[in-house]
Structure formats: structure tokens, C-alpha cells
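What follows is one structure encoded as C-alpha cells, with my remarks underneath.
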Amino acid sequence: MTVIETLPGSGWYTRILVPYIGSGGRFFGANYSVDLFKQIMGERWGSRRARIESWSQKFPAEAASYATHPPEIGAFIIGQAPAELIGDVDRVLYIRSLHHLNRFDPRLLDEAAIEAFTLLKPGGIVGVAQHRAPSSNDEDWANGSQGYLRQTRVVEAFEAAGFTLAASSEINANPKDVPSEKDRVWRLPPTLRVEGEARKANLAIGESDRMTLKFVKPK
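Following the numbering used here, the numbering of the sequence shown begins with 844 at its first residue and continues without gaps.
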């Protein structure tokens, strides 16, 4: 099995996926471009620059350390996948990674969906877990800049790329998360960028309300 995980970050899901796939498979991390990270980080770029710029060189060894018998591991930038992966991938995972692709230029989200379609085998699957914007909130607020996207936006992007929405689940739904248009997803755990009473209140809310979607590339 060949699996791509987008925005692997510090490795939360990577630590699960690498031993699960094992020595008979392949695993690739796919990250944002340096230019996109610069926009996301803003004033924090200076302190994060070295790690981000060296990510593609360091990620394979870091990921391999999570298993006794790891799969073949590689790394690439979203939109720059190795040609040898075209039509040869079984799964692509977007776990809380789509909002920044839509935030600065919606075409990046559309292009990511097209790239996933190109990389997957017929019958291959895309899995999405993404912070979900209330349909009542303003469309500009729900562009990803606050961490949230409308479910309709995500479905439209992947269906336009050629996928079929095969299933959706409310396993990651959280009806307590009802953000106003002054709220950002990072007010909630695990990030929890608030203090005092707000911190206590947001801990009681829990993690964000998230859509969980399964898209399939037709055979």
C-alpha cells in the first residue's frame, strides 16, 4: 500500500501510519510550499524557517524512527509530487490541512484535489478531516483564514477534480463548537490560544466541529 499524508507536522498521525503500513508499503509526507508557510507564519517565520526549509530532507528519517520495520518513506511539496507516483497511490489523507490551501488562494485547494486524483489508482481513496464552518457564517469568514471551511466548498473541490463522495461521517462532529465570526479555530484545544476564563470555557467545548469525508476515484 502507498499512502500520502498531507501536512504531517510533528508526526501525530505519522506515528500511527508508519507502523501500520509497515515494511511492505510506501509512505510519503506532503507539505506546504515554503512560500505558503511564510504567509501562514507571518512574524513567526524567523523562528520556524530552519525546520521548514529542511523538512523534506529530514522527514524520511524522522518518520522511519516511528517503526521497527518502516515502509519506504519519502517527502515532497504539495503540487510537486514525484512523477513515479502518478496513478500508483492507494490513499491520500488531508487531516486538518485544507484550510491554509484555500486561505490565500482558493486555486491551491482545487489544484491539490486535482493532484490527488492524478496520483491515485482507480478506486483509490481520499480521506478528509477538516474544521467545519457553520453554514450560517459569512463566506469570507469561512475561507480558511480562521481555520474553518464550509463542507460544501470541500465537496465541490474534490468532485470537480473527478472524485465521487462515497461516504461522510459525524464521528468528529462537535455541536458545542459554534464559532462566531470573531472566533478562530485555534481558540480551542489542542492549540488553545486563550487565557483565563476563556481557556476554561473553550476546554469545555473541546476540539473543533469537523467534517469527515471519503472520496473515491472512479474505476
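Glycine is no exception: its CB is placed at the ideal position from the N, C-alpha and C atoms.
Next item on the list: Counting only the same chain and skipping the five closest in sequence on each side, list residues whose C-beta sits under 6 Å from that of VAL935.
Entry: Mapped onto the sequence shown, residue 935 falls at position 92. Only ILE847, ALA959 and VAL969 meet the Cβ criterion.
Item checked: Length of the line joining the Cα atoms of SER899 and ARG892 -> The residue you call residue 899 lines up with position 56 of the sequence shown. The residue you call residue 892 lines up with position 49 of the sequence shown. Distance between the alpha carbons of SER899 and ARG892: 13 Å.
Note to self: With H, G and I counted as helix, E and B as strand and the rest as coil, what does DSSP make of ASP1052?
What the structure shows: Reading the sequence shown from its first residue, position 209 is the one you call residue 1052. Note: ASP1052 maps to coil in three-state DSSP.
Next item on the list: Give a yes or no on whether the C-beta atoms belonging to GLY854 and TYR909 are separated by under 8 Å.
Entry: Taking the sequence shown and counting its residues from 1, one reaches residue 854 at position 11. Taking the sequence shown and counting its residues from 1, one reaches residue 909 at position 66. Going by C-beta atoms, GLY854 is nearer than 8 Å to TYR909.
Notebook entry, point to check: Can we say the segment 969 to 978 touches the segment 988 to 997, given the rule of at least three CB pairs closer than 8 Å?
Noted result: yes
Check: Roughly how many angstroms lie between the CA atoms of GLU886 and PRO1061, to the nearest whole one?
Finding: As a working mapping, residue 886 is identified with position 43 in the sequence shown. As a working mapping, residue 1061 is identified with position 218 in the sequence shown. Computed Cα separation, rounded: 43 Å.
Checklist line | Closest residue to GLU1024 among ARG1053, ASN980, THR857 and PRO1033 (Cα-Cα distance) | finding: Along the sequence shown, one-based indexing puts residue 1024 at 181. Ranking ARG1053, ASN980, THR857 and PRO1033 by Cα distance to GLU1024 puts ASN980 first.
Next item on the list: Ignore the nearest five residues each way along the sequence and tell me which others in LYS964's own chain have a CB closer than 8 Å to its CB.
Entry: Position 121 of the sequence shown holds residue 964. Once the five neighbours on either side are set aside, the close Cβ partners of LYS964 are GLY930, ASP931, VAL932, ASP933 and LYS1060.
Note to self: Tell me the residue span of the alpha helix (DSSP H) that contains PHE1063.
What the structure shows: Within the shown structure, residues of the chain are numbered from 844 to 1062, placing residue 1063 beyond reach of any answer.
Notebook entry, point to check: Expressed to the nearest angstrom, what Euclidean distance is found between the alpha-carbon atoms of ILE859 and ALA906?
Noted result: By one-based count along the sequence shown, residue 859 stands at place 16. By one-based count along the sequence shown, residue 906 stands at place 63. Taking the straight line joining both Cα atoms gives about 10 Å.
Next item on the list: Please state if the CB of MET844 and the CB of ILE864 are separated by a distance shorter than 8 Å.
Entry: Translated into positions along the sequence shown, residue 864 becomes position 21. Translated into positions along the sequence shown, residue 844 becomes position 1. Their beta carbons are under 8 Å apart, which means ILE864 touches MET844 by this criterion.
Check: What's the gap between the Cα of HIS942 and the Cα of GLY987?
Finding: Start at 1 with the first residue of the sequence shown, and residue 942 comes out as number 99. Start at 1 with the first residue of the sequence shown, and residue 987 comes out as number 144. Between HIS942 and GLY987, the C-alpha separation is close to 4 Å.
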